[in-house]
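This report concerns only the one structure given below.
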Amino acid sequence: MNFSSEKPPASVDAVIEQIQTLAGEIHQLGKEVGSRVSKVGARGEQTVTHFDSTFGEIGNNVDKIIGTLEVFLDFYYFWVFCGFWSFYWKKYFLKKKGLLMTKEIVNLDLFRIFSIYFYLIFKNHFSKFT
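Residue numbering for the sequence shown is 1 to 130, as defined by our numbering.
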């Protein structure tokens, strides 16, 4: 092959020109694809952010509901506990005074079961605050 400073034949110039044109078109297509991909990425990021905030709100609402239930259960346990004690102490004092005629003053088995039940409930409930 002869490498001289002479111009190559027209067909080679045409091929080079076509290659340059194709390279320019490919470059332009690459820019368009990159632009579209970044738009899709931005939309995907917005969607993820939306879902993240939505699930965050759902989590906050569930926490509020659980907190409300815990407060309700605290009061429920407290009043059941107070009712239990007042019932048994009234029964005990009425029997002591002779105003209540029953075989026994207090059903000790029921008393023990109920006491253990409330001890376990309060122990588990208040252990999360320590």
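Glycine included, every Cβ here is placed at the ideal spot set by N, Cα and C.
Original post:
Distance, Cα to Cα, residue 62 vs residue 49?
Top reply: Looking up residue 62 in the sequence shown gives position 62. Looking up residue 49 in the sequence shown gives position 49. One C-alpha to the other measures close to 20 Å.
Original post:
If residue 114 and residue 75 are in contact, beta carbons under 8 Å, what's the gap, nearest whole angstrom?
Top reply: Position 114 of the sequence shown holds residue 114. Position 75 of the sequence shown holds residue 75. Not confirmed; about 18 Å, so no contact.
Subject >> Own chain partners of residue 47 with C-beta closer than 6 Å, once the 5 adjacent residues on each side are dropped >> reply: For the purposes of this step, residue 47 is taken as the residue at position 47 of the sequence shown. So no residue of the chain qualifies.
**OP:** Determine the contact status of residue 81 and residue 55, defining contact as a CB-CB distance below 7 Å.
**Re:** Here the question's residue 81 lines up with position 81 in the sequence shown. Here the question's residue 55 lines up with position 55 in the sequence shown. It is not a contact, given that the beta carbons lie outside the stated cut-off.
Subject >> Nearest residue (CA-CA) to residue 123, options 25, 16, 77 >> reply: Here residue 123 is taken as the residue at index 123 of the sequence shown, counted from 1. Ranking 25, 16, 77 by Cα distance to residue 123 puts 77 first.
Subject >> C-alpha distance - residue 116 paired with residue 71, whole-angstrom precision >> reply: Sequence index remark: in the sequence shown, residue 116 carries index 116 (1-based). Sequence index remark: in the sequence shown, residue 71 carries index 71 (1-based). Using only the alpha carbons, I get a separation of about 22 Å.
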